[in-house]
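Numbered according to the numbering used here, the sequence shown spans residues 612 to 719. For glycine and all other residues, C-beta sits at the position ideal for the given N, C-alpha and C. Because the structure is a prediction, the values reported are computed rather than measured. Have a look at the structure below before the remarks.
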Amino acid sequence: MELLWSNKALAARDISKIIKEYIGWEKNTTYTVIKRLIDKGAVTREDPGFICRANITKRKIQEIETKALLNQMYNGSLENFIQSYLANQKLGASELNALQKIISNQGR
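Next up, the structure:
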């Protein structure tokens with residue numbers, strides 16, 4: 612998906628070459644993953660040339676994955692996640708100010 616988000620559209624053969632170089636997957640493995648993404652509606656395929664395009668934004672995926680993480684690890688509670696995360700962090704004044712700004716903007 613990162614390839615498609617950064618390139619807008621790529622032929623499946625080009626995706627396969629790039630993935631082979633960086634991850635080591637064989638062509639069949641990459642094509643199987645592309646097919647699954649198409650079946651799930653995350654990628655669209657255009658012919659001729661088996662051109663692939665992302666059908667979902669990176670931001671939407673981040674939202675979905677964040678909700679899944681909260682549900683799986685923190686029983687769906689943002690408060691539990693924040694408490695757990697902050698208990699293990701040393702935040703500086705600028706980070707605390709940024710967090711306060713984010714929180715105050717939520718009330719608007």
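What is the DSSP secondary structure of T655, counted as helix, strand or coil?
Sequence index remark: in the sequence shown, residue 655 carries index 44 (1-based). If DSSP states are grouped into helix, strand and coil, T655 belongs with the strands.
In this structure, what does DSSP give as the bridge partners for A622?
Against the sequence shown, residue 622 aligns to sequence position 11. For A622, which the question treats as bridged, DSSP gives the partners I662.
When we look at the beta-carbon of A665 and count the other beta-carbons within 10 Å, is it buried (16 or more) or exposed?
Within the sequence shown, the letter at position 54 stands for residue 665. Flag for A665 reads buried.
N-terminal and C-terminal residue of the alpha helix (DSSP H) that N716 is part of
Within the sequence shown, numbered from 1, the residue matching residue 716 stands at position 105. Where N716 is concerned, the enclosing alpha helix (DSSP H) stretches over A704 to Q717.
Rounded to a whole number of angstroms, what is the C-alpha to C-alpha distance between Q673 and A679?
Here residue 673 refers to the residue found at position 62 of the sequence shown. Here residue 679 refers to the residue found at position 68 of the sequence shown. If I take the Cα positions, the gap works out to 10 Å.
Taking L668 as part of the alpha helix (DSSP H), name the residues at either end of that continuous run.
What you label residue 668 is simply residue 57 of the sequence shown in a count that begins at 1. Checking the sequence, you will find Thr at residue 668 rather than Leu. Segment: none, T668 is in no alpha helix (DSSP H) and carries neither H nor E.
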